[in-house]
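Visitor: Structure incoming, see below.
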Amino acid sequence: MIAEAILIGVAAGVLSGLLGIGGGALFVPGLVLILGLSQVEAEATSLLAIVPVALLGAWRQHGYGNLRVRHGAIIGVASIPGALVGVVLVNVLPERAIEYGFALLLVVLSWQMFRGALAQLRRS
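The working numbering applies: residue 131 is where the sequence shown begins, and numbers increase by one.
Here it is as structure tokens:
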């Protein structure tokens with residue numbers, strides 16, 4: 131289990147730094163599919179695992195001049211109430227609904243990103 135957790139962490143760290151995607155999109159599927167955690171356990175564990183990845187990634191991006199501190203701070207503070215509501219909801223909604231919702235979110239976001247990249251490619 132430790133080796134698998136390390137593998138998930140390394141893969142998510144590389145992809146997070148490379149693509150700028152949130153760790154949750156990578157940690158949660160890995161924790162569910164590889165370590166066998168429930169969706170709720172994976173989401174809770176992911177919240178803790180994201181902290182060092184996000185801090186280190188932001189620090190390094192700041193060194194490259196890519197970090198917009200004001201925007202990040204506003205989004206971060208504004209997300210606190212939402213996170214609290216989300217934690218309550220994930221513990222009262224049926225787990226299957228959470229799984230489907232998470233999967234649907236990933237599909238929709240992936241499709242939107244793909245469409246944007248394709249449009250940009252066509253303009254080039």
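Glycine included, each C-beta is placed from N, C-alpha and C at the ideal position.
Is there contact here, the region 180 to 192 with the region 216 to 227, by at least three beta-carbon pairs under 8 Å?
Guide: Flag = no, the region 180 to 192 and the region 216 to 227 do not touch.
Visitor: Please report the straight-line C-alpha distance between Gly166 and Ala133, rounded to a whole angstrom.
Guide: If I take the Cα positions, the gap works out to 14 Å.
Visitor: Do you know offhand how far Ser209's Cα is from Gln191's?
Guide: The alpha-carbon atoms of Ser209 and Gln191 are separated by roughly 21 Å.
Visitor: I'd like the ranges of any alpha helix (DSSP H) spanning at least 4 consecutive residues and lying wholly in the region 180 to 246.
Guide: Taking only runs of at least 4 residues, the alpha helix (DSSP H) segments lying wholly in the region 180 to 246 are 199 to 220.
Visitor: Which one of Gly246, Val158 and Gly147 has the shortest CA to CA distance from Ile138?
Guide: Of Gly246, Val158 and Gly147, the residue nearest in Cα terms is Val158.
Visitor: Between Val170 and Ile228, how many whole angstroms is the CB-CB distance? I'm expecting something under 8 Å.
Guide: Confirmed, about 7 Å.
Visitor: What's the call for Ser176, buried or exposed, on a 16-neighbour Cβ count within 10 Å?
Guide: Ser176 comes out buried.
Visitor: Judging by CA-CA distance, which residue of Arg252, Leu248 and Gly152 is the nearest neighbour of Leu236?
Guide: Measuring from the Cα of Leu236, the nearest candidate turns out to be Gly152.
Visitor: Starting from Ile138, trace the alpha helix (DSSP H) both ways and give me its first and last residue.
Guide: Note, Ile138: alpha helix (DSSP H), Ile132 to Leu149.
Visitor: Indicate whether Ala141 and Gly160 have their beta-carbon atoms separated by less than 9 Å.
Guide: Yes.
Visitor: Pull up the CB-CB distance for Gly147 and Gly187, whole angstroms please, since I reckon it's below 8 Å.
Guide: That pair is a contact at about 6 Å.
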